[in-house]
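The next block holds one structure in the form of structure tokens; read it before the comments.
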Ligand SMILES: *Cc1c(COP(=O)(O)O)cnc(C)c1O
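Numbering (our numbering), first residue to last: 796 to 1226.
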């Protein structure tokens, strides 16, 4: 497929595997879905990064979302340098944390109070505990194909029926934890109706990616989100939007702004740290009042609200809040998807794409997938061939047929054009 033998990437990957399981610190980086050797990145700037062999790529993962203003943006780098010079971490509060909380409450429609953490996993895990603590209930509902980080209760797949509890998807998750999680199908509001009818008063929360980005990009139907909003209110359950990916990405105010639906709690991450570890969970003040030190739900973090990370996040928020930022981002993302679709059509390849804000999905399928089942029908083998052809041409897509892609403000018309030229060759290998 690719001529990577004797490359520095190979040498580094061999070395990495000796001291790190699978050679990577997060599984999807290992290229196991697409085959081949992962590229070890040495530096990044704007829309590009470079690997250990000095090969340049147009980057369409942007650190899986955070790099929305482009890599190494001078304002963000300066904010980090200035903050670092004042000290890296204090374990005591700083004014920057207030600034960030105020910015989140201003930008994200449903958030009245917020707590900062260091990863999306921490944010969703803490939001779940809060929902359980605030309602005094144990059962949670999630949806097949949504990813919410790697907390025990969330690494669960559907059981044998709608009302049977789930099974762990990871070794090491006790059945006893999985048995509190019900897993339903995405975009099937009738399943929610049925489950709430029989178990509504035992359900602590529903957690959902309001635009799904971890089974490729999949749009929620308005009816699906409206139904869960209505049922949660009716039965006293808490609605959690996991906007770790969609927040500040599909629109400034996230998916909740796009759909005009107010969840009770929201998990944020990725963009909010601008590339450094910041995440957050927040929402209704009356629910957030259950958090320690004022309430009974415990949660803490040595590096939570870290001053250097918060500085990177604030510098990023300042850029994305500028008027016209999302219009330009959406225009470029739509252009990319329209261009790729046209190239595929010219080559006679079954392909379609979708874009929301600065996020996109590419599907080797004749029609847009509408749920998890149709998503799984996309041609993975064709994607893998296309992925490697694009990589050879210097375009780095997510190394899996079932991940979304990300565009930054630095992906201008020239970058999109260069991507089209690469795609023309890549689709030709499939024809
Ligand atoms: C990435 C992601 C997470 C997990 O965030 P980490 O920072 O990787 O722990 C949770 N939810 C969603 C929707 C995500 O995309």
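No residue lacks a Cβ here, since even glycine has one placed at the ideal position from N, Cα and C.
Contact test: residue 1004 Cβ vs ligand 1 heavy atom, cutoff 7 Å:
yes
Helix, strand or coil at residue 963 according to DSSP, with G and I counted as helix
strand
Give the single residue among 1170, 1005, 1027 and 1140 whose Cα lies nearest to the Cα of residue 930.
1027
Specify, as a first and last residue, the run of the alpha helix (DSSP H) that residue 813 falls within.
803–814
State the Cα-Cα distance for the pair residue 917 and residue 837, rounded to the nearest angstrom.
28 Å
Whole angstroms are fine: how far does the CA of residue 904 sit from the CA of residue 1044?
15 Å
Thinking C-alpha only, which one of 948, 846 and 1155 is nearest residue 806?
846
What distance in whole Å lies between the Cβ atoms of residue 1125 and residue 1152, which are believed to be in contact at a cut-off of 8 Å?
5 Å
Short check: CB of residue 1011 to CB of residue 1201, under 8 Å?
no
Give me, in chain order, the residues of the same chain whose beta-carbon lies closer than 6 Å to that of residue 1229; leave out the 5 immediate sequence neighbours on both sides.
The question about residue 1229 has no answer, for the chain in this structure spans 796 to 1226.
Closer than 7 Å: residue 914 CB and nearest ligand 1 heavy atom
yes
Cβ-heavy atom distance, residue 1037 to ligand 1, below 7 Å
yes
Using 7 Å as the cut-off, classify the Cβ of residue 1010 as near or not near the heavy atoms of ligand 1, replying yes or no.
no
Ordered along the chain, which non-local residues of its own chain (more than five positions away) have a Cβ less than 6 Å from that of residue 1218?
1135 and 1138
contact_flag[the segment 844–864, the segment 1062–1071] where n(CB pairs < 8 Å) is 3 or more
yes
Ordered along the chain, which non-local residues of its own chain (more than five positions away) have a Cβ less than 6 Å from that of residue 1205?
841, 842 and 865
May I have the straight-line CA-CA distance separating residue 1098 from residue 892, to the nearest angstrom?
12 Å
For residue 978 and residue 951, believed in contact at Cβ under 8 Å, the rounded distance:
6 Å
Verify whether the separation of the beta carbon atoms of residue 1047 and residue 1114 is less than 8 Å.
no
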